[in-house]
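First the structure, in the form of structure tokens, and then the observations on it.
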Amino acid sequence: MSRKNREIEVLETSVKVARIEESDFISLTDIARHRDSERGDYIIQNWLRNRNTIEFLGIWEQLNNPAFNSIEFDGIRNQAGLPGLDALAQFNLSGRY
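Taking this note's numbering, the leading residue of the sequence shown gets 2, the next gets one more, and so forth.
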């Protein structure tokens, strides 16, 4: 497996790019540090919990991973981005009623 590393500039931030075989992989840590230099790990954790991110990763895996377990993924996708409450709606009223 041949591997080459390089860096690119994105919005005045240096981002590492690893080339493995024919694919490029960018450093999410470097991108997250642009947003918050001390807590980039929280940026990534929150991003990975996002339902849209989970959907994107599932589609990418279906297209690129012949061993992808779609049944197992369905359980993960169904839990992603769910609110902590089971309420159908929330109303906030101020004043007298």
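For glycine and all other residues, C-beta sits at the position ideal for the given N, C-alpha and C.
Only a predicted model underlies this, so the values are computations on that prediction, with no experimental measurement involved.
For secondary structure counted as the alpha helix (DSSP H) over 4 or more consecutive residues, the segment 13-42 holds these complete runs in sequence order: 29-36. If you ignore the 5 residues before and after Q63, its C-beta comes within less than 8 Å of the C-beta of F69 and S71, all in its own chain and listed in chain order. In this structure, DSSP gives N6 an extended state, which the three-state scheme calls strand. Under the Cβ criterion (8 Å, minimum of three pairs), the segment 27-40 counts as touching the segment 4-17.
Residues R20 of the same chain have their beta carbon placed closer than 6 Å to that of K5, with the five preceding and five following residues left out of the count.
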